[in-house]
Amino acid sequence: MPLNIAVLGTGRIGGSYLDVVRKSGHNVAVVAEPREEQVAPLKMKNPGVDFVADYKEAIKRKDVQAAILTLPHWLHHRAAIDALNAGKHVYLEKPMALNTKECDEMIAAARKNDRLLFVAHTQRYMPAVKKMKEIVDSKELGEVVMVHDVWHKVLEPDKRPKWMLDQTRGGGMGQMDGSHMIDRLLWILGSDITTVSARVGNFTHPHIPADDTAMCFLRWKHGPVATLSRIAFDIGKGYTEYGAEYYFTKGQAKFRLAYGQGANQKTGVWIARNEEWTEVPIKATDSLHDEVTDFAKAIESGSKTPPIRMEHGRQVIEVLEASEESSRTGREVVLGR
Ligand SMILES: NC(=O)c1ccc[n+]([C@@H]2O[C@H](COP(=O)([O-])OP(=O)(O)OC[C@H]3O[C@@H](n4cnc5c(N)ncnc54)[C@H](O)[C@@H]3O)[C@@H](O)[C@H]2O)c1
121 MPLNIAVLGT GRIGGSYLDV VRKSGHNVAV VAEPREEQVA PLKMKNPGVD
171 FVADYKEAIK RKDVQAAILT LPHWLHHRAA IDALNAGKHV YLEKPMALNT
221 KECDEMIAAA RKNDRLLFVA HTQRYMPAVK KMKEIVDSKE LGEVVMVHDV
271 WHKVLEPDKR PKWMLDQTRG GGMGQMDGSH MIDRLLWILG SDITTVSARV
321 GNFTHPHIPA DDTAMCFLRW KHGPVATLSR IAFDIGKGYT EYGAEYYFTK
371 GQAKFRLAYG QGANQKTGVW IARNEEWTEV PIKATDSLHD EVTDFAKAIE
421 SGSKTPPIRM EHGRQVIEVL EASEESSRTG REVVLGR
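Numbering (our numbering), first residue to last: 121 to 457.
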């Protein structure tokens, strides 16, 4: 049975979900978005869909079983809890919330209402990231010793929504991009992360009150360590690069993702052999489609656990919080205290 889905927020990413939901065999029943200029083209393209101005109106609808939230970060906590209390399953664009206290309240609301709360961490649906996990899990190159994960990009403040340039409302590149990096490291290496040491700040755009840069050093209980390096520079002032290098006891592998200003680069996975990088074949997929399909299948099967555990979404925020604390105090922070 196709699900009736509400899409809440249609900013930079929300509009894409209308087609994705349909391609996954489900219906978009209602869309909530206050900015008329943003919804006008969507209304033309989607004559059978209702449009309302606020998410609270959309989640009142009795015929809607699930809501896709693509809202500013400062609204994630409130809107997710409202949707869960209204009896909807929630698909929430990453990151889960502004802090772990909010995450705890959201997890409690999902449990109380017996609804799924799925934090959509996209990276694991990307074929290159998936392949790296397969290489790690197969142990064909031995055990992971260390990882260098990078997210070097252009900030383009003029093109960003205002909330994204205000740390207190969930702005900053830690929440936007750091959450992707932490997610994929925890997914591939495991959740037994123990310590975080970091320097975080707004070094490339000191006039903007939101972080644009971080270097973190992370340790896992079972052995590996990782550096996470991210910087958002001005257009024309750097070299866009998304990916990671994995160093194993018996080899080396790396992946790269091509998008944004770096779209002319190649998405792929490579293993080092005889002083050369040998490309590993990967299959192209539609990651948003696969994410929505996974979420819908979990609802249809009556699963009590979302495809990505809520505790994982919370742990990403815990690592972000710890990196900010470490940067403030100049000390390594022990997790799970
Ligand atoms: N997975 C990815 O690769 C990816 C990429 C971009 C953004 N995101 C995530 O998607 C989410 C949205 O980011 P964005 O860049 O699209 O932001 P955005 O600001 O462009 O979009 C948010 C939209 O929500 C609308 N909104 C605000 N208040 C509302 C309300 N009360 N009811 C209904 N709509 C309301 C805004 O008008 C805006 O259009 C964030 O969580 C972000 O991290 C994920």
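Idealized CB from N, CA, C, for every residue including glycine.
- Contact annotation: the stretch 231 to 249 touches the stretch 424 to 442, with at least three C-beta pairs closer than 8 Å.
- D170: member of the beta strand (DSSP E) spanning 170 to 172, first to last residue.
- In this structure, H300 lies away from G358, with their beta-carbon atoms at least 8 Å apart.
- The three-state secondary structure of S349, taken from DSSP, is strand.
- In this structure, ligand 1 has a non-hydrogen atom nearer than 7 Å to the beta-carbon of H193.
- Secondary structure note for A160: its alpha helix (DSSP H) is the uninterrupted segment 156 to 165.
- Along the length of the stretch 223 to 247, whole alpha helix (DSSP H) runs at least 4 residues long do not occur.
- R304 sits buried, since 16 or more C-beta atoms from the chains shown fall within 10 Å of its C-beta.
- Note that the stretch 197 to 207 touches the stretch 227 to 235; at least 3 beta-carbon pairs, one per stretch, sit closer than 8 Å.
- A contact between stretches requires three or more CB pairs, one per stretch, nearer than 8 Å, and the stretch 146 to 160 meets this requirement with the stretch 175 to 195.
- Within 7 Å of the C-beta of G129 there is at least one heavy atom belonging to ligand 1.
- DSSP assignment within the stretch 369 to 427 yields the following whole alpha helix (DSSP H) runs of 4 residues or more, N-terminal first: 407 to 420.
- By the CB criterion at 8 Å, V316 and A442 fall inside the cutoff.
- I351 and R319 have their C-alpha atoms spaced approximately 12 Å apart.
- Between H268 and the set D139, L338, M246, I437, the nearest pair of CA atoms involves L338.
- The three-state secondary structure of E431, taken from DSSP, is helix.
- Sequence-distant Cβ neighbours of I201 in its own chain, meaning closer than 7 Å and more than five residues away, are E225, M226, A229.
- In the displayed model, K182 falls within coil according to three-state DSSP, outside both helix and strand.
- Where L195 is concerned, the enclosing alpha helix (DSSP H) starts and stops at 193 to 205.
- By the Cβ-count criterion, H193 is buried, with 16 or more other Cβ atoms from all chains shown falling within 10 Å of its own Cβ.
- Counted as a single uninterrupted DSSP element, the beta strand (DSSP E) harbouring L128 occupies residues 124 to 128.
- Using a Cβ-Cβ distance cut-off of 8 Å, the stretch 386 to 396 and the stretch 278 to 288 are not in contact, since fewer than three pairs of beta carbons, one from each stretch, lie closer than that value.
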